[in-house]
Each structure stands twice: as C-alpha cells, then as structure tokens.
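In what follows, a single structure is set out as structure tokens and then discussed.
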Amino acid sequence: MKVDVKTLDGATMSAEWATHPVGSALHIAPAFVATAVDESSGVETTIEAHYKLHRGRYVITRIINRAIADDFNEDRLKHTAPQAIVQTAIPRCIALQLDDSPDAGWTTVADLTSLDGRIIPPWMAQAVVKRGVKDERWEVIEILYGTAALADLPPVKLIAAELDVPERTASDWIQKARAAGWLAGLSSNVGRPANG
C-alpha cells in the first residue's frame with residue numbers, strides 16, 4: 012500500500028519534522044496526516060494522528076474516506092482499515108541519529124527499513140544479541156519498541172522477529188531497556204505484557 016505522509020501543514024514528512032523527543036534517542040513528529048488510495052475499490056482514506064504522551068503512542072483523531080472513482084465500492088467507503096495506514100506512516104515520523112558525532116544528521120526509521128520490510132539490518136541484529144552488548148542493544152530495542160508502540164502494534168512480537176530471539180527474551184530486554192531509561196514516553200498495551 013502506498014501511503015503519502017505529510018505534516019499538518021502539508022509538507023512532506025521527513026526527519027526534519029521529527030522534533031519531539033521520546034525515549035532517550037528518538038525524535039518523532041508531533042502529528043501527521045497520511046493518505047492512502049485503494050485503486051481497486053476507488054476509495055481514498057486520509058487519517059490524522061497526534062502523539063499523546065499519556066498514551067505513549069499516536070492516536071488517530073480524524074478519518075476521512077471519499078470516493079475517487081465512479082464505480083467505487085460502497086462497503087469500502089463505509090468501513091476502513093486505518094491501522095494499516097498508520098503502520099505504514101509511523102516509520103516516516105520517527106527519526107534517530109546513527110552516530111554520536113556533533114554534526115550527525117537525523118534519519119527516519121523508514122530510511123533504514125529494507126525492501127523485505129525489516130527495520131534493522133541482519134548484521135545489526137546479529138551484533139546486538141551477543142553477550143555483553145548493552146547500550147547498543149537498548150538503542151535497537153528502543154528503535155523497534157518505539158516503532159511498534161507508536162503504531163499500536165505488539166512490540167514483543169516485532170522485537171522477537173527482527174532480532175530472531177524468543178518472545179520471552181524480547182520481553183525481558185524491553186523491561187531492562189525501560190529500567191535503564193531508554194523507553195521514556197513510549198508505552199504499549201498490545202500483545203504480551205512487558206511492563207509498559
């Protein structure tokens with residue numbers, strides 16, 4: 012699904028609009044507008060979402076469906092699936108710096124995502140699961156947890172899949188990352204409990 016993501020002012024979403032800090036290393040756009048066109052049904056869906064600190068994620072505040080073809084599907088116009096649009100939009104609204112140098116630029120999670128849909132490259136996943144790797148692991152946990160939690164997806168499942176670890180390990184790492192202060196402003200009630 013192709014999703015066009017913009018700021019509330021209509022600018023194309025990029026790392027520069029991710030100005031709100033969450034966690035210890037992420038910045039997110041405070042709000043976004045995402046539009047998806049379903050050519051087969053002749054329906055365009057636009058959603059507006061805002062980050063809500065007390066919920067630790069983006070919350071959809073508006074959904075607009077409109078017919079864009081004469082032979083549109085009335086059922087699709089009445090019933091939308093905004094979660095898929097949000098899931099596609101969120102990685103464009105989260106930014107991070109890939110190194111610690113003072114002149115390091117910001118990049119979006121979408122820029123990291125590979126063609127096969129992975130957020131973290133396999134070499135990075137292999138590196139952070141090794142024993143003794145702590146801060147690097149928590150940084151990756153924060154990226155993955157943030158991506159899932161902000162989209163209201165199960166973080167434990169995403170982390171387990173991305174890092175190729177059991178869900179129990181992913182849950183334990185989430186708890187430890189939170190205890191180390193890496194997940195401030197991010198929370199999830201989706202999937203398996205992991206203390207937030």
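For the sequence shown, the working numbering assigns the number 12 to the initial residue and increments by one for each residue that follows.
C-beta atoms are modelled at their ideal positions from N, C-alpha and C, and glycine is treated no differently.
Treat the numbers as computed from the prediction; the structure is a model and nothing was measured.
By Cβ distance, which residues of its chain are closer than 6 Å to residue i, with the 5 residues on each side in sequence left out?
i, result
"L161", "R68, Y69 and I101"
"G116", "none"
Give me the Cα-Cα distance between residue i and residue j, rounded to the nearest whole angstrom.
i, j, result
"D114", "A42", "26 Å"
"P204", "Y156", "Low confidence applies here, because P204 scores a pLDDT of 44, under 50, leaving its location unreliable; read the following figure in that light. Between P204 and Y156, the C-alpha separation is close to 13 Å."
"G207", "L123", "The predicted position of G207 is uncertain, since its pLDDT is 47 and thus under 50; no value can be drawn from it."
"G202", "R66", "Annotation note: pLDDT 49 at G202 (below 50); position unreliable, coordinate value reported separately. G202 and R66: Cα-Cα distance of roughly 16 Å."
"V48", "V33", "31 Å"
"R73", "T56", "10 Å"
"W184", "H61", "28 Å"
"N84", "T18", "29 Å"
"R129", "A138", "15 Å"
"A181", "V44", "31 Å"
"Q94", "A159", "12 Å"
DSSP three-state label for residue i, please.
i, result
"I152", "helix"
"N206", "At N206 the pLDDT is 46, less than 50, meaning the model places this residue with poor confidence; the figure from the coordinates comes in the next sentence. Residue state, collapsed to three classes: coil."
"T18", "coil"
"V140", "coil"
"A60", "strand"
Would residue i and residue j be called neighbours here (beta carbons separated by less than 8 Å)?
i, j, result
"E178", "A188", "no"
"E150", "A36", "yes"
"I75", "G53", "no"
"T119", "L109", "no"
"I105", "I58", "no"
Tell me which same chain residues have a C-beta within less than 7 Å of the C-beta of residue i, skipping the five on either side of it?
i, result
"A136", "E173, L174 and D175"
"T91", "T56, I74 and N76"
Ignore the nearest five residues each way along the sequence and tell me which others in residue i's own chain have a CB closer than 8 Å to its CB.
i, result
"Q98", "A162 and L164"
Complete beta strand (DSSP E) runs within the region 78-137 (minimum length 3 residues, chain order): 105-108 and 117-119
Complete runs of the alpha helix (DSSP H) confined to the region 163-189 [at least 4 residues]: 166-174
Can you check the region 31-55 for any beta strand (DSSP E) of at least 3 residues that lies completely inside it and give the ranges in chain order? 31-33, 37-39 and 42-49
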